[in-house]
Amino acid sequence: MSFWKRFRTNIGAIVGVVLLIGVIAIALLAPVIFEHGPWQMVQRPFLAPFAVDGLPLGTDTLGRDVASQLAHGARVSLLVGLVSTLVALLIGVPLGALAGFYGGYVDEGAMRFTEFFQTIPNFALAIVLVAIFEPSLASITLAIAIVSWPPVARLVRAEVMSVRKREFVDAATLAGLSKHRILIRQVLPNTVSPIIVMASLMVATAILLESSLSFLGLGDPNAMSWGYMIGAARTVIRSSWWLSFFPGVAIIITVLALNLIGEGLNDALNPHLSRKGRA
Amino acid sequence: MSVLAIIAARLFKAALTLLAIAVLNFCLLHAAPGDPAVVLAGEAGAADEQMIEQLRERFGLDQPFGVQLWKYVSGVAQLDLGYSFRQGAPVIDLIAERLPATLLLTLTAFVISLVFGIALGVAAAARVGKPQDSLLTALALLFYATPLYWAALMAVLVFSVWLGWLPGFGYETVGAGYTGFDRALDIARHLVLPALTLGLFFMAVYMRMTRASMLEVSTADFVKTARAKGLSGAVIRRRHILRNAILPVVTLAGLQAGQLIGGAVLTETVFAWPGIGRLMFESLAARDYNTILGVFLVSAAMVILFNIVTDIVYRLVDPRIGARA
């Protein structure tokens, strides 16, 4: 069966794709759908959902439109999730590839470095980094990337180590290709599918991390995010529970969609491993 | 290698890692935007010129970089994590005071998540493909996607605000004056919601892992042999499959100790649990960098220690691993 056929028959993965497309559409169209920005006061504060026409999810502690905040929050979550994963790949893939391909001291050094970062409690490190470098979209993205690359490096290293022993690599060596060229042109392309699976799951984890940082008050002060909304509504949970409830549901839907897609990709790209599940 | 030699080697490596973290902390303090003396003083000392001058002298901020680094790292080695100007106490004292609450919370959550995660994973694997399995797998997927702090808030809302079953705030009833057993019971009641919400995410992780591991082992030849011998399904699951399937789960659980500490920051923040995670959260708003970095270092030390302990337990449980270092 082809990749698409296998992916299509996976109900979970299709649900994930549909949910994700919905979230992306809302994120892209947020400024078009909502005339009021996420920071703009539109009504009196603490309005319950459906209490007033045009405000389906009510207003927050400062009288801002919760629905608009949710839609704009999707932009931040997706952006930070995607970019931080790309940056983590940019760190992890080269490091893992070099370690796995050259072995010896390079491998030893790279793995000690990776191990060090794996030992450090990663959320605590992310908090420290964002706190020290002042909360902004850039510092949050970078902090998440810095705590998420070690598993990538380990995965790529293991894949490269197994691929470089294959016969076509020997053939390439005999054909006179340089080591460098073999690594980039022959070995790395064969490690792409597990990297794609891992990356899709990393975006989900990054979104959770971003929301947790914003919840603690370490969000970008100029960007509305779901974690910030929950953090700001935390103290009024007794009287206005919906202010914390809806952003949480938005996070769950987005993260769940990405996890479903990641599993679908895993089953479709590695059919011999499917049904085994992952941890 | 004997167990003692392994412990010694691991402790040496742990010391090196902590040293590296201390150096990292020092670099971060200096990389922070602004004058390091002002950074160290935090929000509290920002206006006081004289205090900043004192700080500059005390930490030798006018001296070469290498000397400063040495002063800082040797200070850390002697458990001097600096002074919190915000709280008016040495950071190490603040942490020592809060550490027991965090240990109680994280260890309880760890045990809950491991026990329930493995039990549910075994149950799901035993009914693979049936509705119960699908339900458990779907629930695990859902918990896996739920932000910890949100689950905590919702637990407070439902079980504390709406139903009034359990306290949703603090470590014990303030001013109740309980002693002995009554106090322990009171703390236990306060512990239920934080420990359950912190454990929920990890429970989902361990459940999925156990299920996958059980299914993988169940295809092994020795399981077929056991079945051919006529053993019952329950006995095979318990004595043959589970014993082998549990090893990767325990390894993963040990590695995830760091995540548990990170989760504790969020859980303690929601439940006003007086641990080091809450201390870190309080220090964020005050920009009390000494305390933030102190908590960071101590939590890393806890993770390393926990890893060493699980590693040793693991060797005792599975003698096959003891052979190689």
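Those sequence lines, one after another, are chains A and B. For the first sequence, the numbering used here assigns the number 363 to the initial residue and increments by one for each residue that follows. For the second sequence, the numbering used here assigns the number -9 to the initial residue and increments by one for each residue that follows. We put the beta carbon where it would ideally sit given N, CA and C, even for glycine. Nothing here was measured: the structure is a model prediction, and the numbers come from that model.
Any beta carbon from chain A within less than 9 Å of residue i's own beta carbon?
i	result
B:A116	no
B:T187	no
B:A22	yes
B:G248	yes
B:G154	no
B:G160	no
B:L245	yes
B:V151	yes
B:V213	no
Helix, strand or coil: how does DSSP classify residue i here?
i	result
A:M586	coil
B:Y304	helix
B:T215	helix
B:D123	helix
A:G639	Here A:G639 scores only 42 on pLDDT, less than 50, and its place in the model is too uncertain to base an answer on.
A:I482	coil
A:K367	helix
A:A392	helix
B:T136	coil
B:W152	helix
A:W603	coil
B:D23	Just to set this straight, residue 23 of chain B is Pro in the shown sequence, not Asp. Three-state DSSP puts B:P23 in coil, outside helix and strand.
B:Q68	coil
A:K527	coil
B:R314	Residue placement at B:R314 is poorly supported in this model, since its pLDDT is 46, which falls under 50; the coordinates are not used for a value here.
A:G462	helix
B:T169	coil
A:L539	coil
B:E87	helix
B:P264	coil
A:P609	helix
A:D629	helix
A:L382	helix
A:G579	coil
B:D176	helix
B:P161	Correcting the residue identity first, residue 161 of chain B is Tyr in this sequence and not Pro. Three-state result, B:Y161: coil.
A:V414	coil
Looking only at DSSP bridge pairs, what is residue i linked to?
i	result
A:M403	A:R426
A:S573	Beta-bridge pairing links A:S573 to no other residue.
B:Y73	B:P80
A:T421	A:D427
If you measure from the beta carbon of residue i to each beta carbon in chain B, is any gap under 9 Å?
i	result
A:V490	yes
A:V603	Per the sequence shown, residue 603 of chain A should be read as Trp rather than Val. Yes, contact with chain B.
A:I395	no
A:V617	yes
A:T481	yes
A:E470	no
A:N372	no
A:I453	no
A:R640	Any reading at A:R640 must be qualified, since the residue scores a pLDDT of 39, below 50, and its modelled position is unreliable; the value itself is stated next. Interface residue, yes.
A:P456	no
A:S498	no
A:S636	With a pLDDT of only 47 at A:S636, under the threshold of 50, the placement of this residue in the model should not be trusted; the figure read from the coordinates follows. Chain B contact via Cβ: absent.
A:I508	no
A:I494	yes
A:I613	yes
Contacting positions in the segment 290 to 311 of chain B - beta carbon closer than 9 Å to chain A: Correct list: A290, M292, V293, I294 and N297.
Chain A contacts from the segment 129 to 144 of chain B (Cβ-Cβ distance under 9 Å): For the segment 129 to 144 of chain B, which is checked against every Cβ of chain A, the residues closer than 9 Å are L131, L132, Y134, A135, T136, P137, L138, Y139, W140, A141, L143 and M144.
Residues of the segment 514 to 538 of chain A whose Cβ lies closer than 8 Å to any Cβ of chain B, in chain order: Cβ contacts with chain B come from no residue of the segment 514 to 538 of chain A.
The segment 560 to 580 of chain A: positions lying closer than 8 Å to chain B by Cβ: Closer than 8 Å at the C-beta level to chain B, one finds these residues of the segment 560 to 580 of chain A: A566, L570, S573, S574, F577, L578, G579 and L580.
Selection of the segment 262 to 287 of chain B by Cβ proximity to chain A, strictly under 8 Å: Residues are counted here when their Cβ sits less than 8 Å from a Cβ of chain A; for the segment 262 to 287 of chain B these are M270, F271, L274, A275, R277, Y279, I282, L283, V285 and F286, given in chain order.
Residues within the segment 74 to 97 of chain B neighbouring chain A, beta-carbon criterion of under 7 Å: Of all residues in the segment 74 to 97 of chain B, none has a C-beta nearer than 7 Å to a C-beta of chain A.
Positions along the segment 582 to 601 of chain A whose CB lies within less than 7 Å of some CB in chain B: Cβ contacts with chain B come from I592, R596, I599 and R600.
Complete runs of the alpha helix (DSSP H) confined to the segment 195 to 260 of chain B [at least 4 residues]: Here the runs fully enclosed are 211 to 218 and 233 to 245.
Cβ-based contacts, 9 Å cut-off: residues of the segment 372 to 389 of chain A near chain B: Near chain B, meaning a CB-to-CB distance below 9 Å, the residues of the segment 372 to 389 of chain A are G374.
Residues from the segment 618 to 633 of chain A in contact with chain B, defined by Cβ distance under 8 Å: Taking 8 Å as the Cβ-Cβ cut-off, the segment 618 to 633 of chain A approaches chain B at L618, N621 and L622, given in chain order.
Near-chain B residues of the segment 423 to 456 of chain A - C-beta to any C-beta below 8 Å: When C-beta distances to chain B are compared with 8 Å, every residue of the segment 423 to 456 of chain A stays at or above that value.
Selection of the segment 229 to 244 of chain B by Cβ proximity to chain A, strictly under 7 Å: Of all residues in the segment 229 to 244 of chain B, only L242 place a beta-carbon less than 7 Å from a beta-carbon of chain A.
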